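Report on one structure; see the data block that follows.
In the UniProt record's numbering, the protein residues as written are 1 to 220.
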């Protein structure tokens with residue numbers, strides 16, 4: 001019991017993360033994986049997260065979909081909606097919504113990030129400052145009990161700005177990225193009203209975040 005309590009405490013502190021068959025230490029992300037690589041990872045979990053997130057979108061909303069494959073899963077889940085205005089910095093999401101939905105679409109523009117197929121930087125943030133968004137669905141390269149992380153400083157200003165112009169912000173991030181940190185903390189978890197992740201996030205981590213930051217929903 002003592003070992004179990006110690007592990008739970010270390011996990012709450014963001015020093016360990018539970019995995020199948022044991023625990024692992026926090027890892028550091030040095031570079032952003034390519035969009036192609038990310039599209040092959042945790043696809044079932046991302047689909048479940050996207051479906052649950054879609055149920056949190058009110059009728060006639062203006063929403064923001066951050067760049068990423070989890071938010072792309074959310075975009076796929078709203079293709080039958082014709083009442084939404086969607087703002088995004090992601091080219092894949094933009095193309096999908098143009099081709100297969102009746103949603104209104106605003107792309108932020110900005111500095112091209114080829115690896116992530118998106119736009120980042122101050123010019124993207126400048127577009128966001130002129131908008132009033134109901135719900136921002138924000139992605140992350142990694143996250144822990146403190147906040148969300150990215151190895152790309154140009155993404156920080158976009159995430160900060162959209163959280164400021166949105167009535168609420170929801171983090172969409174699968175559990176494989178939990179306790180994975182990078183050089184830049186883009187936002188603290190306290191800036192989110194809700195985190196939607198998958199069922200593999202441990203009870204200890206979910207409870208700690210719910211006590212100290214925001215609501216945690218586990219899809220799947």
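Ideal Cβ positions, reconstructed from N, Cα and C, are used throughout, including at glycine.
If you're wondering where the values come from, they're calculated on a predicted model, not measured in any experiment.
Check                                                                                                                          : Outcome
Three-pair Cβ contact test at 8 angstroms for the segment 121 to 129 versus the segment 95 to 103                              : no
Sub-7 angstroms separation of residue 220 and residue 187 beta-carbons                                                         : no
Distance between beta carbons of residue 53 and residue 172, contact taken as under 8 angstroms                                : 6 angstroms
Reference residue 161; option with closest CA among 128, 180, 134 and 191                                                      : 128
Three-way DSSP call (helix, strand, coil) for residue 217 in this model                                                        : strand
Residue environment, residue 83, which counts as buried when at least 16 other CB atoms sit within 10 Å                        : exposed
Among 175, 211 and 92, nearest to residue 42 - alpha-carbon criterion                                                          : 175
Boundaries of the beta strand (DSSP E) in which residue 97 is found, first to last residue                                     : Element bounds for residue 97: not the beta strand (DSSP E) but the alpha helix (DSSP H), 91 to 100.
Enclosing alpha helix (DSSP H) for residue 50 [first to last residue]                                                          : 43 to 54
Contact check, residue 64 vs residue 182, beta carbons under 7 angstroms                                                       : no
Collapsed DSSP secondary structure at residue 200 in the structure displayed                                                   : coil
Segment limits, alpha helix (DSSP H) that includes residue 76                                                                  : 69 to 77
Limits of the alpha helix (DSSP H) - the one that residue 128 falls within                                                     : 122 to 128
Per-residue burial, residue 215 [other beta carbons within 10 Å of its own, 16 or more giving buried]                          : exposed
Residues near residue 95 in its chain [Cβ-Cβ closer than 6 angstroms; skip 5 each side]                                        : none
Continuous alpha helix (DSSP H) assignments of at least 4 residues falling wholly in the segment 131 to 206                    : 153 to 165
Bounding residues of the beta strand (DSSP E) (the contiguous stretch that carries residue 112)                                : 111 to 113
Bridge partners - residue 88, DSSP secondary structure assignment                                                              : 65 and 107
Beta-bridge pairing of residue 28 - partner residues as DSSP gives them                                                        : 181
Close-in-space but distant-in-sequence residues of the same chain around residue 62 (CB under 6 angstroms, 5 per side omitted) : 85, 133 and 134
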